[in-house]
Amino acid sequence: MTDSSRIEISGSGLRCADVVRVARRSAWTELAPEAVTGAAASYELAVELGAKRAVYGRTTGVGANRHTVVDPESADHHGLRLLRSHAGGTGEPLADEVVRAVMAVRLNQLAAGGSGVHPRLLRALETALRVGALPLVHSRGAIGTGDLTALAEVALTLAGELPWAAGDLDPLPISPGDALAFISSNAATLAEAVLAWHDLRRLLSASHVVTALTFCALGGSAEAYSARVHAARPHPGAVFCAAELRRLLLEGDEVVEGRRLQDPFGLRAFPQVQGPALDAAASVERVLDIDINAAAENPLIDVETQQAYHHGQFSTAHVALAFDHLRAALHHVAELSTARLGDLVEPDLSGLPPFLAQGPAGSSGIMILEYVAHDALGTLRHASSPVTLGTAVISRGLEDHASFSTHAVRSTVAATAAYRTVLACELLAAVRALRLSGVALPDTPLREAFRLAEGTLPYLAEDHPLSAEISLAERLLDRLAVL
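Using our numbering, you'd call the opening residue of the sequence shown number 7 and step up by one each time.
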C-alpha cells in the first residue's frame, strides 16, 4: 500500500514509525530547508578546516592509515578511492524495504548537519526515495563500528560507478571529503533494527489477544490481572499488559470467577513475563530514536564551535545490548506460549478431549502443534544467545572493539520469525478449543478477534495435516495485533 503523505527530514524528530512508513508504504521524504542550509554550512566549514589542519579521512587515510597524509595533488580522487576500497560487501542483497529504510535513516542523519558532506548528497537521497531508485546493497560486511561496505555501495551508485538495482539517477560528483563523511554511519544496521523492532513489537501486541483467547478456553481467573495487584508492583510493561488483558476480557469492572483458585503460570504470570519484553521493546525504541537522529559521523563537523571533533560515536553498543536484552525477554514470553499450548491439550485443564481430538479413539488432534512449537522455541533459544560477548580487533590493532550490533539485529529477526510460529500454534489450539467448547466470549474486542480467526482458519474435525493452517495463523497475527 502506498502512503501519499510526506515525512519532513530535518535531522531531528524522525520516529521509528516514520522509517517504517518510508520503507514499507513508500511515504515521501521531504528535506526541511533549514536542513539543507545547515548541511551547506557544515560542508563549507569542513573544507575550511581541511585547509588548515589534519582532518581524519579528509586530509588523511583511515583506520591504521590515520597518520598518512593525502597528497594534495591526488586529493580530488581520494574520496572515490576510499569508496571503491570499502565497497567490498558480499552476501545476499538487502531487501528493497531495507534499502529504502537505509536511505531514509542516512538522509536524516546527514540532515543533522555534522557530517560535512556536500548538500547535493542529501538532495540525491531525497530524490532517489521519491522516484523509487534503489542501490544494490549487500548484507555482509558490518561488525557494529560503521556500515562501511553498505554505505560505500550506496555512494558509488550515486556516483554512477555501480549499477542501480531499481530506477536510476544522473551520476553525482563526489567531493574529496564526502567519502568518509557519507559512510561514517550505522544507517544500514539501524534500518534493519527499526524494521525488526516494529515486527516484534507487533507480535507482542498480538500476544495479548492470543493469550486472552487461551484464557477464555481454559476458564482462567482474571484476578491475576487486577489493577490493584499491579499497582502494588508497578513495572510499566506488566501494568500495561494487565490493562490490555482487562480490556480484552472484562466487559465492566466485575471480575468473573475462574474455574480454579490459581491458574497455571502461563495465564497467571503472563503480565510478569510479557511485561519485561514490552519494556525491552520500549528501550530499543528509545535507543533507535536517538541514533536515527544522530550526527554521529567521525569526525563531527560542528558549525557552532567551528571545530572538527574526532570521537568514537560509531560504536553501537547501545543498539547491540538493547537487542540482546530484547531477545532474552522474548524467549521467556515464547516459553509461556508453549506452556499454554500444553495446557490447552490437557483435559484436566481444558475440560475437552486430549489434544482437542475428535473422531475415532486414538485420534491425535493437534498433538503435532507441540512439536512444531518446541522446534521453533529451540530456534528462538539459539537466536537469543548474546552477540555482545564477542569482539574483533582489526586495522592493525587500532580498532580493538566491535559491538556486532548488526548481528544482534539479525538474530532478532530470526527470533521473531520463530516466535511467530510459536504464537501461531497457540492461536490454532485456542481457536479449536473455543470452537469445541462453545464458551461465550465477552463483548469486547476479543469477540471480534475470534470472529476474524473463525473466518480465516478452517475447521476440520478429523485428523489432517496442519501445515497450511499454521501458515494462515502466522499471517493472521498481524491483523490481531491491531485489535
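All C-beta atoms in this analysis are idealised placements derived from N, C-alpha and C, irrespective of residue type, glycine included. Please read these numbers as outputs of a predicted model, since none were measured by experiment.
Cα-Cα separation between Gly-19 and Asn-299, rounded to whole angstroms:
Computed Cα separation, rounded: 7 angstroms.
Would you kindly check if the distance between the Cβ of Ala-218 and the Cβ of Ala-233 is under 9 angstroms?
no
Considering only residues of the same chain and omitting the five flanking positions on each side of Asp-559, which have a CB-CB separation below 6 angstroms?
Outside the shown range of the chain (7 to 489) lies residue 559, about which nothing can therefore be said.
Candidates Gly-120, Asp-174, Val-200 and Glu-352, of which the one nearest Val-325 by Cα:
With distances taken between Cα atoms, Val-325 lies closest to Val-200.
Since Ala-148 and Thr-195 are thought to touch, with beta carbons under 8 angstroms apart, how far apart are those beta carbons, to the nearest angstrom?
Indeed they touch by this definition, with Cβ atoms about 6 angstroms apart.
Selection from Arg-292, Pro-141, Val-76 and Leu-254 that minimises the alpha carbon distance to Leu-100:
Pro-141
Excluding the five sequence neighbours on either side, which residues of its own chain have a C-beta within less than 8 angstroms of the C-beta of Glu-460, listed in chain order?
Val-437 and Arg-441.
Report the CB separation of Thr-322 from Asn-192 in whole angstroms; it is logged as a contact under 8 angstroms.
5 angstroms
Taking the alpha-carbon positions, what's the Gly-348 to Gln-364 distance?
The alpha-carbon separation between Gly-348 and Gln-364 amounts to approximately 18 angstroms.
Counting only the same chain and skipping the five closest in sequence on each side, list residues whose C-beta sits under 6 angstroms from that of Glu-250.
His-214
Roughly how many angstroms separate the alpha carbons of Leu-224 and Gly-318, rounded to a whole number?
54 angstroms
Beta-carbon contacts of Leu-284 that lie in its chain and below 7 angstroms, excluding the five residues immediately before and after
Leu-210, Gly-243, Phe-246 and Cys-247
Suppose you measure from the CA of Cys-431 to the CA of Gly-371; what does that come to, to the nearest Å?
13 angstroms
Throw me the rounded Cβ distance for the Arg-481 and Ala-421 pair, which I believe falls under 8 angstroms.
Actually they are not in contact, since the Cβ atoms of Arg-481 and Ala-421 sit about 19 angstroms apart, beyond 8 angstroms.
Counting along the chain, where does the alpha helix (DSSP H) carrying Thr-220 start and finish?
193-224
Option nearest His-331 by Cα separation, candidates Phe-276, Leu-489, Arg-112 and Pro-392:
Pro-392
Whose C-alpha, out of Gly-183, Leu-88 and Val-104, is nearest the C-alpha of Arg-27?
Val-104
Among Arg-30, Ser-48, Thr-96 and Leu-164, whose alpha-carbon lies nearest the alpha-carbon of Pro-305?
Ser-48
Restricting to Cα atoms, I'd like to know which of Arg-416, Ala-314, Thr-65 and Ala-38 is closest to Ser-145.
Arg-416
If we count the other Cβ atoms within 10 Å of its Cβ and call it buried at 16 or more, is Tyr-465 buried or exposed?
exposed
Backbone secondary structure at Arg-12 - three-state DSSP:
DSSP places Arg-12 in strand when its eight states are reduced to three.
Following the continuous alpha helix (DSSP H) through Gly-243, name the residue where it begins and the one where it ends.
From DSSP, the alpha helix (DSSP H) with Gly-243 extends over 242-255.
With distance defined between alpha-carbon atoms, name the residue in Ile-13, Ala-134, Pro-182 and Phe-188 nearest to Leu-172.
Before going on, a small fix: residue 172 reads as Ala here, not Leu. Of the candidates Ile-13, Ala-134, Pro-182 and Phe-188, the one whose C-alpha sits nearest the C-alpha of Ala-172 is Ala-134.
If we call anything under 9 angstroms between Cβ atoms a contact, is Phe-188 one with Leu-116?
Yes, these two residues count as a Cβ contact at 9 angstroms.
Span of the beta strand (DSSP E) around Leu-294
Careful: Leu-294 lies outside any beta strand (DSSP E), inside the alpha helix (DSSP H) at 276-297.
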